[in-house]
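J.:
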Amino acid sequence: MTESMRFDWRRRIVRDRRLTHAQLRVLLELESYANADGTRAHPGAKLMSSNLGISERTVRLALSRGEELGLIVKTEGGRRGRARNHADVFALVEPQSSGIHEELPEPQGSTSRAATTGSFDTTTGSFDPDYRNPEVLTTRSFTPDPLTPDPSSSHLSNARESSAAITEERAEIEIDSDVDDADFAELLGGVPREPARPQDTPTVFGAEVDPALNPLAWIDQELPGGFMTGERSRARDLLASGSDYGSVRYAILNDRNARRPRGLRRARPYIDPPHAQEGA
1 MTESMRFDWR RRIVRDRRLT HAQLRVLLEL ESYANADGTR AHPGAKLMSS NLGISERTVR
61 LALSRGEELG LIVKTEGGRR GRARNHADVF ALVEPQSSGI HEELPEPQGS TSRAATTGSF
121 DTTTGSFDPD YRNPEVLTTR SFTPDPLTPD PSSSHLSNAR ESSAAITEER AEIEIDSDVD
181 DADFAELLGG VPREPARPQD TPTVFGAEVD PALNPLAWID QELPGGFMTG ERSRARDLLA
241 SGSDYGSVRY AILNDRNARR PRGLRRARPY IDPPHAQEGA
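Heads up: the sequence shown at position 181 corresponds to 181 in full-length UniProt numbering, and the numbers run straight through without jumps.
(1) In three-state DSSP terms, what is Arg11?
(2) If we ignore side chains and look at the alpha-carbon of each, how far apart do Ala217 and Leu61 end up?
(3) Sort Ile219, Gly230, Thr58 by Cα distance to Val248 and report the nearest one.
(4) Taking Lys74 as the reference, which of Leu27, Pro211, Leu47, Ser50 has the closest Cα?
(5) What is the DSSP secondary structure of Leu223, reduced to helix, strand or coil?
(6) Below 8 Å on the Cβ atoms is my guess for Leu253 versus Ser49; work out the distance and round it to an integer in Å.
(7) According to DSSP, simplified to helix, strand and coil, what is Val209?
(8) According to DSSP, is Glu68 helix, strand or coil?
(9) Is DSSP giving Glu94 helix, strand or coil here?
(10) In whole angstroms, give me the CA-to-CA distance for Gly77 and Ala251.
(11) When we look at the beta-carbon of His155 and count the other beta-carbons within 10 Å, is it buried (16 or more) or exposed?
(12) Do Pro224 and Asn51 have their C-beta atoms closer together than 8 Å?
(13) DSSP three-state call for Thr39: helix, strand or coil?
(14) In angstroms with no decimal places, state the Cα-to-Cα distance between Arg10 and Gln23.
(15) Could you tell me the boundaries of the alpha helix (DSSP H) in which Ile252 lies?
(16) Nearest by alpha-carbon distance to residue 290: which of Glu56, Glu3, Leu19 is it?
(17) For Thr75, which three-state DSSP category applies?
(18) So, at 8 Å on beta carbons, what are the nonlocal neighbours of Asp37 in its own chain, with the 5 sequence-adjacent residues on each side left out?
(19) Here's the rule: buried if 16 or more other CB atoms are within 10 angstroms of the residue's CB, otherwise exposed. What is Arg25?
(20) With 16 as the cutoff for other CB atoms within 10 Å, does Val14 come out buried or exposed?
(21) Mind checking Val136: buried by the 16 CB within 10 Å criterion, or exposed?
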């Protein structure tokens with residue numbers, strides 16, 4: 001699975017309306033632990049629940065839902081038992097073989113219908129079959145008769161009258177509001193101030209980093225939680241040795257998975273020497 005396929009995979013699951021928000025987060029977290037080819041993703045339900053702040057049961061249900069929808073596949077089952085606690089191994093399913101498809105709305109007016117010929121006059125109730133006929137249009141005169149009104153232009157005049165009425169109504173409303181503001185200003189002894197209108201400012205989101213131009217920033221953006229202690233220098237050394245940015249990212253993730261979590265040590269009891277001597 002190439003990087004473009006993984007991008008397409010992420011975009012398709014984000015747009016899949018069958019997934020809940022928690023299931024979407026679990027699948028994206030699982031994808032961050034996969035290898036460059038989209039395989040060997042085995043972070044474990046306990047680690048994923050700790051990273052996402054959800055229960056292990058929710059994580060397992062989300063993984064089962066991903067298998068049901070054909071987004072992921074379990075390649076190796078985890079071994080349970082004493083000293084054999086291994087997580088399940090998953091692999092990402094390529095978008096073209098997962099059966100996922102985006103439902104796009106049909107464009108309006110795309111249905112094929114027969115061309116309507118003729119014109120129905122609403123004033124007289126008669127139908128003119130020669131309307132929009134090329135042969136008849138060439139024989140008619142396009143110069144309008146000023147003495148004969150065109151019945152088809154009645155809706156245009158009605159539209160002009162309605163628009164003029166709306167304009168007059170808006171002008172009356174503006175005049176009334178100006179008078180109210182002036183009266184209110186006279187009571188306070190000041191000049192009415194025009195209320196500030198909120199400006200429509202577009203929301204600018206952070207642009208994606210180009211890994212070819214700044215691989216360190218891209219790796220820092222793709223890693224869960226960003227670079228940790230010592231990972232930035234290791235990534236810089238791997239890039240200097242000739243490794244590509246994708247391999248460096250997966251190498252750091254593998255190092256994280258290989259680390260053993262530090263256990264809690266039992267605190268030693270503290271005994272105050274003077275009190276110990278008095279008790280003796």
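Glycine included, every Cβ here is placed at the ideal spot set by N, Cα and C.
T.: Result, derived from the coordinates:
(1) In this structure, DSSP gives Arg11 a helical state, which the three-state scheme calls helix.
(2) Their backbone Cα atoms lie some 34 Å apart in a straight line.
(3) For Val248, the closest alpha carbon among the candidates Ile219, Gly230, Thr58 is that of Ile219.
(4) Nearest option by C-alpha distance: Leu27.
(5) Three-state DSSP puts Leu223 in coil, outside helix and strand.
(6) In this structure Leu253 does not touch Ser49 by the C-beta definition: roughly 18 Å separates them, more than the 8 Å allowed.
(7) In this structure, Val209 counts as coil in the three-state DSSP scheme.
(8) Helix, per DSSP.
(9) Assignment of Glu94 by DSSP, reduced to helix, strand and coil, places it in the coil class.
(10) If you draw a straight line from the Cα of Gly77 to the Cα of Ala251, it comes to about 23 Å.
(11) Note that His155 scores 48 on pLDDT, short of 50, meaning its location in the model is unreliable; the coordinates nonetheless yield the value given after this. It is exposed - the Cβ of His155 has fewer than 16 other Cβ atoms within 10 Å.
(12) Cβ distance < 8 Å, so Pro224 and Asn51 count as in contact.
(13) Note: Thr39 maps to coil in three-state DSSP.
(14) Roughly 13 Å separates the two Cα atoms.
(15) Looking at the DSSP string, the run of the alpha helix (DSSP H) that includes Ile252 is 245 to 258.
(16) Within the shown structure, residues of the chain are numbered from 1 to 280, placing residue 290 beyond reach of any answer.
(17) It is a strand residue.
(18) Cβ neighbours of Asp37 beyond the five flanking positions: Met1.
(19) Counting of Cβ neighbours within 10 angstroms places Arg25 among the buried residues, the total reaching 16 or more.
(20) Counting the other Cβ atoms within 10 Å of the Cβ of Val14 gives fewer than 16, which makes it exposed.
(21) Bear in mind that a pLDDT of 46 at Val136, under 50, signals an unreliable position, so the number given afterwards is only what the model happens to contain. By the neighbour-count rule (16 or more Cβ atoms within 10 Å), Val136 is not buried but exposed.
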